[in-house]
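Remarks on the structure that follows.
Numbering (the numbering used here), first residue to last: 24 to 163.
Printed below as a string of structure tokens:
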């Protein structure tokens, strides 16, 4: 919280929280029931706008994150994998998907971004899917 106060004193325009899920709870035993985003939003207390991101995959998620208290909601990986995702949300069309190595391989991402997302997805996949990278890595 000291860092947040110091940043706000420097007259920043906003604070952006990138969480695994926009309503994520803490992982340590003492914070398992603490909603991280909500705690930070309450601490910031409207001193600067707060942008939240984390597993926003539908209009329902956008509405939920907005009502959660974020001033703006950001969409990250969903847009990288599905460039028309924003249009679908605006039109209230449902797009549901899970990230997979195959989606990443179909994308036309720059090599550095590809490598970064590969590492992120590897940490999120189950053990049996991780082996897919070994077979497909030479393709990209």
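Glycine included, C-beta positions come from ideal geometry on N, C-alpha and C.
Residue burial is scored here from C-beta neighbours: residue 77 has at least 16 other C-beta atoms within 10 angstroms and is therefore classed as buried. Secondary structure note for residue 75: its beta strand (DSSP E) is the uninterrupted segment 73-76.
Assigned with DSSP and collapsed to three states, residue 95 falls in strand. Here residue 83 is exposed. Its C-beta has fewer than 16 other C-beta atoms within 10 Å. Excluding residues up to 5 positions away in sequence, 27, 38 and 73 lie with their Cβ nearer than 7 angstroms to the Cβ of residue 67 in the same chain. Looking at 132, 70, 33 and 134, the one whose alpha-carbon comes closest to that of residue 93 is 70.
When DSSP states are grouped into helix, strand and coil, residue 35 belongs to the coil group. Membership of residue 113 in the alpha helix (DSSP H) is indicated by the continuous run 108-113. Assignment of residue 40 by DSSP, reduced to helix, strand and coil, places it in the strand class. Taking each of 41, 96 and 80 in turn and checking the Cα distance to residue 116, the smallest one comes out for 80. Between the alpha carbons of residue 50 and residue 63 lies a distance of about 16 angstroms. Taking residue 102 as the centre and dropping the five residues before and after it, the same chain places the C-beta of 108 and 109 closer than 8 angstroms to its C-beta, in chain order.
The C-beta of residue 96 has 16 or more other C-beta atoms within 10 Å across all chains shown, which makes the residue buried. Residue 112 and residue 100 have their C-alpha atoms spaced approximately 14 angstroms apart.
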